[in-house]
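The sequence shown maps to residues 141 to 445 in my numbering.
Positions of the beta carbon are idealized from the N, C-alpha and C atoms, including for glycine.
Only a predicted model underlies this, so the values are computations on that prediction, with no experimental measurement involved.
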Amino acid sequence: MRHLMSPLDFTTQELDRLFDLADDIEKNPGRYTHACEGKKLATCFYEPSTRTRLSFEAAMLNLGGSVIGFSDASSSSASKGESVSDTIRVISCFADICAMRHPKEGAPMVAADRSSIPVINAGDGGHQHPTQTLTDLLTIRSLKGRLSNFTIGLCGDLKFGRTVHSLINALVRYEGIHFIFISPEELKVPDYITDMLKEKNIPYEEVIRLESIMPRLDFLYMTRVQRERFFNEEDYVRLKDFYILDKTKMALAKEDMLVLHPLPRVNEISVEVDDDPRAAYFRQVQYGVYVRMALILTLLDIHVD
Ligand code: NCD
């Protein structure tokens, strides 16, 4: 039985197969409408979410399966003090696969350890968000035709943004990726990530201003400042509008640069950018459903012919 805790749980060859499956799902959705009949997905969300939870649920429903779960820790037995290990043992009796989001780093791993069904980490604290990374990689592959040889700027809250941490971890396995980290001093990417990049000899730069590097980017991955992970509101208020991507900044970028964002957006991308053909963040959401469908099929070992 397989779980998904980190994007590195799959080799790049396995990821290629997963993305090929997602491509086929996109092109031939009708072939998959009964693939998971009789199967149940449990979504156990101890932290707020719109996209990830509904994307998982839509994915399972598109496959003909059904969905149970909770979207708020206060409406689950966690509020009575039940441990994640006990909860997953119980959920294992009800469902065939579980997607779990938790504010504590490592909680889905604890669950996976005790589970008799596949567990998918749907985001653990400021740590990892592997299915967002699968979404990001599929979007890049689908829109550019490759996962190698590009310069990607990651901008915003690089300290607390788990989507950023997961994406960097996943991209280092591809050739010719150059990272440019754009953040205020206080929200720089953690040392354990830059240490890993140094060790692997992967080029990266850290800058504060977005304008100066815009013309060099093939992708700009924008992120919101993660309010819920700040220790005080004052710092959040000071940093929340540090970057606002608008038409003036977009004018500096290449004609085929693409803007990605895991969403939710707060202020960091002005709505005037939404109509720019380079804004790919809503298309990214659609790829998230295809890739979660492919992931559910893969972890349940269901093959459609
Ligand atoms: C992200 C998350 O939860 O980490 N959202 C998502 O799942 N698409 C990003 C965020 O909350 O900023």
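Opening and closing residue of the beta strand (DSSP E) in which residue i lies
i	result
Val259	Val259 to Asp264
Cys295	Phe290 to Cys295
Ala239	Ile237 to His242
Ile280	Counting along the chain, Ile280 falls outside any beta strand (DSSP E), though it belongs to the alpha helix (DSSP H) covering Pro270 to Lys284.
Val411	Neither: Val411 is in no beta strand (DSSP E) and is coded neither H nor E.
Val207	Ser206 to Phe210
Val399	Leu398 to Leu400
DSSP three-state assignment for residue i, whether helix, strand or coil
i	result
Thr183	strand
Gln155	The sequence given here places Leu at residue 155; Gln does not occur at that position. If DSSP states are grouped into helix, strand and coil, Leu155 belongs with the helices.
Glu166	helix
Phe150	coil
Tyr361	strand
Ala419	strand
Glu351	helix
Gln366	coil
Val444	coil
Gly316	coil
Leu161	helix
Glu345	strand
Leu298	coil
Leu287	coil
Leu446	Outside the shown range of the chain (141 to 445) lies residue 446, about which nothing can therefore be said.
Endpoints, the alpha helix (DSSP H) within which residue i is located
i	result
Ser306	Arg302 to Leu311
Tyr376	Glu373 to Leu379
Val224	Val224 to Phe234
Val250	Ala247 to Arg254
Leu327	Neither: Leu327 is in no alpha helix (DSSP H) and is coded neither H nor E.
Phe196	Arg191 to Asn202
Met390	Lys387 to Met390
Rounded Cβ spacing between residue i and residue j (contact assumed at less than 8 Å)
i	j	result
Val365	Asp297	5 Å
Glu412	Lys387	5 Å
Leu155	Leu277	7 Å
Ser288	Ile317	7 Å
Ile353	Ile322	7 Å
Leu392	Glu351	6 Å
Ile442	Cys176	7 Å
Phe319	Ile292	6 Å
Leu437	Leu203	7 Å
Ser306	Pro147	6 Å
Asp445	Met397	Not confirmed; about 39 Å, so no contact.
Met390	Arg356	That pair is no contact at about 14 Å.
Leu435	Leu201	Incorrect: roughly 15 Å between the Cβ atoms, too far for contact.
Gly421	His401	Reading off the sequence, residue 421 comes out as Tyr, not Gly. Contact flag correct, Cβ pair sits at about 4 Å.
Ile228	Arg254	5 Å
Pro248	Met145	6 Å
Neighbour flag for residue i against chain B, beta carbons, 8 Å
i	result
Asp331	Checking the listed chains, one finds no chain B in this structure; it contains a single protein chain.
At least 3 beta-carbon pairs within less than 8 Å: the stretch 234-251 vs the stretch 175-187
The answer is yes - the stretch 175-187 touches the stretch 234-251, with three or more Cβ pairs under 8 Å.
If we count Cβ pairs, one from each stretch, closer than 8 Å, do we get three or more for the stretch 322-337 versus the stretch 256-263?
Touching, no, given that fewer than three Cβ pairs across the two stretches are closer than 8 Å.
Quick check: the stretch 203-219 against the stretch 267-278, are there 3 or more CB pairs under 8 Å?
Too few Cβ pairs lie closer than 8 Å, so no.
Do the stretch 372-379 and the stretch 305-317 make contact, defined as three or more Cβ pairs closer than 8 Å?
Segments in contact, no.
Is it a yes or a no for the stretch 427-435 touching the stretch 287-305, going by three-plus beta-carbon pairs under 8 Å?
No contact exists between the stretch 427-435 and the stretch 287-305.
List in chain order the residues whose CB is within less than 7 Å of at least one heavy atom of the ligand NCD.
A distance filter of 7 Å between CB atoms and the heavy atoms of the ligand NCD selects the following residues in sequence order: Ser189, Arg191, Thr192, Gly263, His269, Gln272, Gly301, Arg302, Thr303, Thr363, Arg364, Gln366, Pro402, Leu403 and Pro404.
Three or more C-beta pairs closer than 8 Å, one from the stretch 172-184 and one from the stretch 225-239: is that the case here?
Output reads yes: the stretch 225-239 touches the stretch 172-184.
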